[in-house]
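*Asks:* Structure in structure tokens, see below.
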Amino acid sequence: MTQSFKTPLLFALVGAMFIFTGFTSSWNSALSIFNMGLISAIMALGVNMQWGYAGLFNVGVMGFVALGGLGAVLVGMPPVAEAWAAGGVRIMLGLLLALATIIGAVQLWQRMAPGRTRGVAMAALLVIGFFAFRAVFDGGVAAVEAVNPAVTGNLGGLGWPILIGWPVGGVLAAGAAWIVGKTALGLRSDYLAIATLGIAEIIIAVMKNEDWLARGVKNIIGLPRPVPYEIDLQESPAFVERMQGWGADPVTASSVVVKLAYAGLFGVVLILLIWLTQSALKSPWGRMMCAIRDNEIAAEAMGKDVTGRHLQVFILGSAICGLAGAMMTTLDGQLTPGSYQPLRFTFLIWVMVIVGGSGNNLGAVLGGFLIWFLWVQVEPMGQWMMNLVSSGLDEGSPLKAHLIESAAHMRLLTMGIVLLVVLRFAPRGLIPEK
Amino acid sequence: MTNPYQDNRGNKDRSITKSSQMGGSVDAVRPLRKSGGHVDEAAFLIGDTMTGGYGTGADILHGCTLAVNPGEIAVIVGPNGAGKSTAMKAVFGMLNVRSGAVRLKGEDITHLSPQARVAKGMAFVPQTHNIFTSMSVEENLEMGAFLRRDDIRKTIDQVYDLFPILGDKRYQAAGELSGGQRQQVAVGRALMTKPEVLMLDEPTAGVSPIVMDELFDRIIEVARTGISILMVEQNARQALEIADRGYVLVQGANAFTGTGQELLADPDVRKSFLGG
Amino acid sequence: MDILNALVVFANFVLVPATAYGAQLALGALGVTLIYGILRFSNFAHGDTMAFGAMITILFTWLFQSWGLSLGPLPTALLALPFGILGCALLLLATDKVVYQFYRRQKAAPVILVIVSMGVMFVMNGIVRFIIGVDDQQFADGERFIISARDFKTMTGLDEGLAIRTSQGITVITAIIVVAALFWFLNRTRTGKSMRAFSDNEDLALLSGINPDRVVMITWIIVAALATIAGTLYGLDKSFKPFTYFQLLLPIFAAAIVGGLGSPIGAIAGGFVIAYSEVMVTYAFKRVFGYLIPSWEPDGLIQLLSTDYKFAVSFAILIIVLLFKPTGLFKGKSV
């Protein structure tokens, strides 16, 4: 079977799975899965760019996704004027101070002659800078967090349309990627992996603990939406009338329509990104990336700035992950830092890329849909299986209770096995790179 | 298509086994008079009309024959890319010999693994990465004798007698030694199995001329104990001077064969390989 | 100025816990570094291997407790430890047979093996959650303290108490024994030396007749022992929760890299560097300074970073090492 025939067939199969879910359970749930599938596909595109184009092993996807979500919040939420008045300026001043310290330290390191003095001077500058930063910053934080902590206690955002937050989320992720990339690129692949793993944990820790920023674990809820609210639709006589005209229940229909609207928005982004990544891959830039990947030494000998290109693609890929994160937060309408788990937001994306086909954008997209679908469906399937397995046991048996309770963990097991099986028997993935 | 499991997408990590690559290009050497057919059937170790290459790749050797007897030094010389190291590796079982045979004491060992050949009394000193740099000199020797279950103390002392400097530095990490000393460790490690055949791949690569002379002296000493020595050398002139047999390889085939002195005296060999 | 009390506070809240934590990290990092040295990849499943080993130990501990078996003042878990190691070793050997062996035969690129280990991590994580769940598990028993704060106060007459928990004492002692045994094994035994040789130069090790399958098998067994011990000690000292073991991956890798990947000594040094920095940076020094400079009444806690940012400390150290000395303190084998 040729690949040009196989690819549409695979996509059709995945599509059929969604349609099947629509018919058997409900269009609402099929669409929910589909929307997250779109977002997963975008994340997978980002990771595929890093891994497939340049062989960069990024296991900090979670962090970039979360930063994207933060971007959406910071743009979309209305500002809290009171908090700004209480300590906003002070916080900004503190952050500026921290930035100035770091820039100063870097400058110092580059300008001074190497030696003991340089080390001591830089350490001293960093220590002084740190305490100055804390002195200014802590007071501001306390003041901001004291403002109506039950509802806000944070600075809020810009109050702009949340769609602007999407690229902003991407930019935030790109910034974090720049920091990691600057230090860990050009070393062994494992080092980049560990560094990205670390930055992701830190990003989540910051988002959980810095209440002034986005309320930490108290969560931001009620993000403004780029699409209409279900309740508004249900209250609009025109909508109700039309839906009834089509013989649909207005309540169900309203939620389907909202989901379709999201799907439309996400779909546009996805198609745009596929188009961009595909044309990037075919451009001289893409050919250079492939050349670097296939033979780094030769590329370097030909005067290509390998580490520079790697940094570029690493930042771009992370930015796409950030964009997807912002979209996801928008879809959820809330930012809950406590819910970011590396297994779900980093390693699952990797499974998508590997299963779909590393180095192939369409493969990554397919993997995104397929694996997300499995991730959602494995749990009920596990439940069903456990019920079957334990059907012979007594109703009150503790083993039965344990088995049924554990069904929720079937997901990880299944995903691990899927990854291992694909790596072993189809290492190029479902849609291999040409 | 490349093996997808080896596709590390450009990451330059140290790989789990560095595949030892040969320099591929064959120098433009005019085809010389072949002296094939010189098969010493009774030789102690013989690689008989070997043809083969790495993995499933193209053949590098084309009917190449090498032989050595106990106490003899056989030297393989030739231009870059002639397949000298490859020929030696073929004798040691490190590449696919598609036709021809390798026989030790008349026994066909063509299909034995390198490890099994070590057990049969062959020892090999690779050109590079031939010592355990993080381990002490003595530990290097102990590892050389890994297959032996008897007392290795005596052999270690013999190696120290042969290379006194190693005895002095026995507890020092081998990686901290000078180039010549490292080669001594490498040869010492190979001698630890009490081999009957010692194979050396360019033992003098990258060492100074004085150290080279010393190493050659040691190699002669080793040969005097009755060990057969098969050696690839870049320094053709010096190597042929100590050689009982010399093999000039060109493009994976025997071009000239003779004693070291014969080859040194041969005007064709002189002109092409020894710089007049 | 009251140096004695300040010192006791410091020891009680920083020195003792950080030493125990450092020993746990060191054991974890040793496992990572051994796998790296012998099998040449960074094993992302190591945190979950620790969780698995600890889980088996816990299950046996519960079994023994139900039988009424105990070690008196010592935790029963020590009795269950050998069984935990056995269980973990069986799992790792099975994993190697089913998963890793194939890639070794294929001479797979290290980064492929890292991805494979990611899959193994998923599976192990799933198994652990499946068997024991995601909640905190208590399995420590026996005497809680070697010396409690109150005893210390009555003994010394100081205002501040120094408590040393049994788990902390056991951690340090076990770690010393394990590390001594490991180094004896690596440096003195034929098998241990063959492992070092294999790690140093695989091709030459093969030429010397060292059996790679045997080296790999022994490595997995040692790694199982190290991981199970580290996991159990960590669980005894803090508590057993599968997810925290996954999170330990970062400090453990940081420790291994800081020390120099592939270097056992480095792993130990790295473990303590990370542990001490982490605890010192996240400890509120208010009381220590309160004794040292009684007249000074700071309004803050004199805490550099909140404890929630302990990962940031490992990370910062990791970044500094990567920037300035990528081979680590003890010259690992990679760049």
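Protein chains in written order, with numbering that gives the first Met the number 0: chain A, 0 to 433; chain B, 0 to 275; chain C, 0 to 334. The beta carbon of each residue, even a glycine, is placed where N, CA and C say it ideally should be. From a predicted model like this one, the values you see are computed outputs, not experimental measurements.
Identify each residue in the segment 167-190 of chain A for which the Cβ-Cβ distance to at least one residue of chain C is less than 8 Å, and report them in chain order.
*Replies:* Answer in chain order: Thr182, Ala183, Leu186, Arg187, Ser188, Asp189, Tyr190.
*Asks:* Given that C:Asp307 touches chain A, what residues does it touch there, using C-beta distances under 8 Å?
*Replies:* Ordered by position in chain A, the residues that pass the 8 Å Cβ test against C:Asp307 are Ala204, Lys207, Asn208.
*Asks:* Taking Cβ-Cβ distances shorter than 9 Å, what residues in chain C pair up with A:Met414?
*Replies:* Neighbours of A:Met414 on chain C, chain order: Gly118, Phe121, Val122, Gly125.
*Asks:* A:Arg427 versus chain B: which residues are under 8 Å apart at the beta carbon?
*Replies:* Chain B residues near A:Arg427: Pro3.
*Asks:* So, at 8 Å on beta carbons, what are the nonlocal neighbours of B:Val28 in its own chain, with the 5 sequence-adjacent residues on each side left out?
*Replies:* Here the model assigns B:Val28 a pLDDT of 32, short of 50, so the residue's position is not dependable, and the following value carries that caveat. Same-chain partners within the cutoff: Pro78, Ala81, Val249, Gln250, Ser271.
*Asks:* As an exercise, report each continuous alpha helix (DSSP H) stretch of at least 4 residues that is fully enclosed by the segment 322-365 of chain A, in chain order.
*Replies:* Here the runs fully enclosed are 347-355.
*Asks:* Is C:Phe138 close to chain A, meaning its C-beta is less than 8 Å from at least one C-beta of that chain?
*Replies:* So, not an interface residue.
*Asks:* According to DSSP, is B:Ile50 part of a helix, a strand, or is it coil?
*Replies:* A small correction: the amino acid at residue 50 of chain B is Thr; Ile does not occupy that position in the sequence shown. Note: B:Thr50 maps to strand in three-state DSSP.
*Asks:* Mind reading off the beta-carbon distance from C:Gly208 to C:Gly21? Whole number of angstroms is fine, and I expect it under 8 Å.
*Replies:* C:Gly208 to C:Gly21, Cβ: 39 Å. No contact.
*Asks:* Rounded to whole angstroms, what's the CA-CA distance from A:Ser448 to A:Phe368? Just pull it up for me.
*Replies:* Given a span of 0 to 433 for chain A in the structure shown, any question on residue 448 of chain A remains unanswerable.
*Asks:* Out of curiosity, what's the CA-to-CA distance linking B:Thr154 and B:Glu141?
*Replies:* So the alpha carbons of these two residues sit roughly 10 Å apart.
*Asks:* Quick one: what does DSSP say B:Glu106 is sitting in, helix, strand or coil?
*Replies:* Residue state, collapsed to three classes: strand.
*Asks:* Run down chain C in chain order and give the residues with a C-beta less than 8 Å from the C-beta of A:Trp349.
*Replies:* Within chain C, the residues near A:Trp349 are Ile114, Met117.
*Asks:* Could you check what DSSP says for C:Ser305 in three-state terms: helix, strand or coil?
*Replies:* Three-state DSSP puts C:Ser305 in coil, outside helix and strand.
*Asks:* Given that a residue counts as buried once 16 or more other Cβ atoms are within 10 Å of its Cβ, and exposed if not, what is A:Phe19?
*Replies:* Result: exposed.
*Asks:* Which two residues bound the contiguous alpha helix (DSSP H) that contains B:Tyr4?
*Replies:* First-last for B:Tyr4: undefined, no H or E at that position.
*Asks:* Please confirm if C:Val13 has its CB atom under 8 Å from at least one CB of chain A.
*Replies:* No, no contact with chain A.
*Asks:* Please look up how many angstroms separate the CB atoms of C:Ala283 and C:Ile301, rounded, as I've assumed it's under 8 Å.
*Replies:* The Cβ separation is near 6 Å, so the contact holds.
*Asks:* Please work out which residues of its chain come closer than 6 Å, Cβ to Cβ, to B:Ser18, disregarding the five sequence neighbours upstream and downstream, and give them in chain order.
*Replies:* Here B:Ser18 scores only 37 on pLDDT, less than 50, and its place in the model should not be relied on; the value that follows carries that caveat. Once the five neighbours on either side are set aside, B:Ser18 has no close Cβ partner at all.
*Asks:* If you check the beta carbons only, do A:Leu361 and A:Thr6 fall under 8 Å apart?
*Replies:* Yes.
*Asks:* Among C:Ala274, C:Lys237, C:Phe40, which has the Cα closest to the Cα of C:Tyr99?
*Replies:* Nearest C-alpha to C:Tyr99: C:Phe40.
*Asks:* Using CA coordinates, which residue listed in C:Ile146, C:Leu78, C:Val8, C:Ser69 is at the minimum distance from C:Ile228?
*Replies:* Answer by Cα proximity: C:Leu78.
*Asks:* Rank C:Ala253, C:Leu260, C:Gly125 by C-alpha distance to the C-alpha of A:Arg410 and give the top, closest one.
*Replies:* Ranking C:Ala253, C:Leu260, C:Gly125 by Cα distance to A:Arg410 puts C:Gly125 first.
*Asks:* Expressed to the nearest angstrom, what Euclidean distance is found between the alpha-carbon atoms of C:Leu33 and C:Gln246?
*Replies:* About 20 Å.
*Asks:* Sort B:Gly56, B:Gly54, B:Met87, B:Asp58 by Cα distance to B:Ala66 and report the nearest one.
*Replies:* Looking at the Cα atoms, B:Met87 is the closest of the given residues.
*Asks:* Among all the DSSP beta bridges, which residues are the ones paired with C:Arg164?
*Replies:* Paired residue(s): C:Phe144.
*Asks:* So with Cβ pairs under 8 Å, would you call C:Arg39 a contact of chain A?
*Replies:* Not an interface residue.
*Asks:* Quick check: the Cα distance between A:Val255 and A:Leu30, rounded to an integer number of angstroms?
*Replies:* So the two alpha carbons sit approximately 7 Å from each other.
*Asks:* Would you check whether the ligand FAD has a heavy atom nearer than 7 Å to the C-beta of B:Thr154?
*Replies:* Because no ligand of any kind appears in the structure shown, any question about the ligand FAD cannot be addressed here.
*Asks:* Please identify the residue among C:Asn11, C:Phe197, C:Leu24 whose C-alpha is closest to the C-alpha of C:Ile273.
*Replies:* Minimum Cα distance to C:Ile273 is reached at C:Leu24.
*Asks:* Measure the C-alpha to C-alpha separation of A:Ala363 and A:Ala40 and round it to an integer number of angstroms.
*Replies:* Computed Cα separation, rounded: 7 Å.
*Asks:* Determine the chain C residues that contact A:Arg423 at a beta-carbon separation under 7 Å, and present them in chain order.
*Replies:* Near A:Arg423 (Cβ distances below 7 Å), the residues of chain C are Phe101.
*Asks:* Excluding five sequence neighbours on each side, which residues of the same chain lie with their C-beta closer than 7 Å to the C-beta of C:Phe184?
*Replies:* So the qualifying residues of the chain are Gly191.
*Asks:* Got a sec, what are the start and stop residues for the alpha helix (DSSP H) A:Tyr190 sits in?
*Replies:* Residues 188-208.
*Asks:* Pull up the DSSP beta-bridge partners for B:Phe123, would you.
*Replies:* The partner list for B:Phe123 (beta bridge, DSSP) reads B:Met198.
*Asks:* Quick one: using the 10 Å Cβ neighbour count with 16 as the cut-off for buried, is A:Phe313 buried or exposed?
*Replies:* Result: buried.
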